[in-house]
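Here's the structure, in structure tokens; my notes come after.
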Amino acid sequence: MMHDMTSETVLVVCSDAKIADHLLDSLFQNGVNAVGPVDSARMAIAVATNGQPTLAVIANPPTGRRGAVELAQALERDWGIRSWILDDAVSERDRTSGDLAWSANPRQIEGLRRVLGRSDEIDAVCL
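FYI, in the numbering used here the residues of the sequence shown are 52 to 178.
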């Protein structure tokens with residue numbers, strides 16, 4: 052069964068304007084609410100406190116001290132927001148992280164893959 056993405060509000064973490072525009076366009080065209088883009092982990096957490104996102108897409112490494120996985124862990128731990136990290140956002144340090152408790156569920160990931168036209172495999176990278 053396909054996940055209905057229109058019930059989600061997606062936080063877009065992306066420092067590349069062209070990629071961010073594409074992600075936002077794809078989300079909006081498919082009726083998915085989106086907040087962002089933000090480029091830093093600090094801003095992502097600030098938006099999480101105010102924007103009530105239900106899911107985060109981390110498209111490239113956030114600026115600042117936290118990497119993509121650290122940001123995803125903080126969003127899940129502090130706000131219950133699961134994340135899908137696109138391949139371009141994965142650092143070498145992130146590749147060794149076996150903890151996937153922060154990861155969006157398979158239905159959410161499938162819905163995002165469909166909406167965004169992406170086939171990233173962060174799950175396979177981390178396991």
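Just so it is clear, CB atoms sit at the ideal spot from N, CA and C, and this is done for glycine as well. If you're wondering where the values come from, they're calculated on a predicted model, not measured in any experiment.
What residue does the beta strand (DSSP E) around residue i start on, and which one ends it?
i           : result
residue 135 : 133 to 136
Please state whether DSSP places residue i in a helix, a strand or coil.
i           : result
residue 182 : The requested residue 182 is not part of the displayed model; the chain covers only 52 to 178.
residue 77  : helix
residue 105 : coil
Between the options, which lies nearest to residue i when the distance is taken from Cα to Cα?
i           : options            : result
residue 104 : 67, 119, 68, 61    : 61
residue 71  : 111, 115, 135      : 111
residue 140 : 158, 165, 107      : 107
residue 130 : 100, 94, 113       : 100
residue 97  : 159, 122, 160, 156 : 122
residue 94  : 155, 159, 66       : 66
Rounding to the nearest angstrom, what Cα-Cα distance links residue i and residue j in this structure?
i           : j           : result
residue 64  : residue 162 : 18 Å
residue 167 : residue 109 : 13 Å
residue 119 : residue 113 : 6 Å
residue 87  : residue 68  : 11 Å
residue 74  : residue 157 : 19 Å
residue 125 : residue 102 : 16 Å
Just to confirm the assignment, what range does the alpha helix (DSSP H) spanning residue i have?
i           : result
residue 84  : Here residue 84 belongs to no alpha helix (DSSP H); instead the beta strand (DSSP E) covers 84 to 89.
residue 164 : 157 to 167
residue 67  : Taken as a continuous stretch (DSSP letters only), residue 67 belongs to no alpha helix (DSSP H), as it is neither H nor E.
Give every residue of the same chain whose Cβ lies closer than 7 Å to the Cβ of residue i, excluding the five residues on either side of it in the sequence, and list them in chain order.
i           : result
residue 83  : 56, 57, 59, 61, 166
residue 160 : 135
Ordered along the chain, which non-local residues of its own chain (more than five positions away) have a Cβ less than 8 Å from that of residue i?
i           : result
residue 127 : 133, 134, 152, 153
residue 79  : 85
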